[in-house]
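Asks: Sharing a structure with you now.
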Amino acid sequence: MENTEKELIEAALDVRTRAYAPYSNFKVGAALRTKSGKIYTGCNVESASYGLTVCAERVAIWKAVSEGEKEFTEIAVVADTQELTPPCGVCRQIIWEFCGDVPV
């Protein structure tokens, strides 16, 4: 694993601790690297109205876009489990739309 990948995973692990997941108890963190090397992070934020819940990947992407970023090189997503947990369908769409074919 390269140092840049390790840095991204560590950022995702750190932000995961701030997830708000009182309903599922499933905490997720994401870290997104821009073309310039800046890292934006996000964690999942749940709502009692499940449809209003926002995934970590989207939080990280929205943060970056709201700060004017438009070019991304990679994203790391970590869940509160040892099992591989791929992004949900909505997040896959958003990652593709905003990041293209980046490593996840």
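At position 42 of the sequence shown the residue is numbered 42 (full-length UniProt numbering), and the sequence of numbers has no breaks. Beta carbons: idealized from backbone N, C-alpha and C, even for Gly. Keep in mind the model is a prediction, meaning the values are calculated, not measured.
1. Would you check if there are 3 or more beta carbon pairs closer than 8 Å linking the stretch 6-18 to the stretch 46-53?
2. In the DSSP output, what is residue 20 paired with across the bridge?
3. Given a cut-off of 9 Å, decide if residue 36 and residue 71 are closer than it, judged by their beta-carbon atoms.
4. With a threshold of 8 Å on Cβ separation, who are the neighbours of residue 20 within its own chain once the five nearest residues in sequence on each side are excluded?
5. Which residues bound the beta strand (DSSP E) around residue 74?
6. Taking its Cβ as the centre, do 16 or more other Cβ atoms sit within 10 Å of residue 84, making it buried, or is it exposed?
7. With a threshold of 9 Å between beta carbons, is residue 75 in contact with chain B?
Replies: On the basis of the supplied data:
1. These segments do not touch.
2. What you label residue 20 is simply residue 20 of the sequence shown in a count that begins at 1. DSSP, once it has assigned bridges, lists 45 as partnering residue 20.
3. The residue labelled residue 71 in the question sits at position 71 within the sequence shown. The residue labelled residue 36 in the question sits at position 36 within the sequence shown. Taking 9 Å as the Cβ cut-off, residue 71 and residue 36 qualify as a contacting pair.
4. Here residue 20 refers to the residue found at position 20 of the sequence shown. In the same chain as residue 20, and ignoring 5 residues on each side of it, the C-beta atoms closer than 8 Å to its own belong to 43, 44, 45 and 46, in chain order.
5. For the purposes of this step, residue 74 is taken as residue 74 along the sequence shown, with counting starting at 1. Looking at the DSSP string, the run of the beta strand (DSSP E) that includes residue 74 is 72-79.
6. Residue 84 sits at position 84 when you count from the first residue of the sequence shown. Residue 84 counts as exposed, since fewer than 16 other beta carbons sit within 10 angstroms of its beta carbon.
7. In the displayed structure, chain B is absent; only one protein chain is listed.
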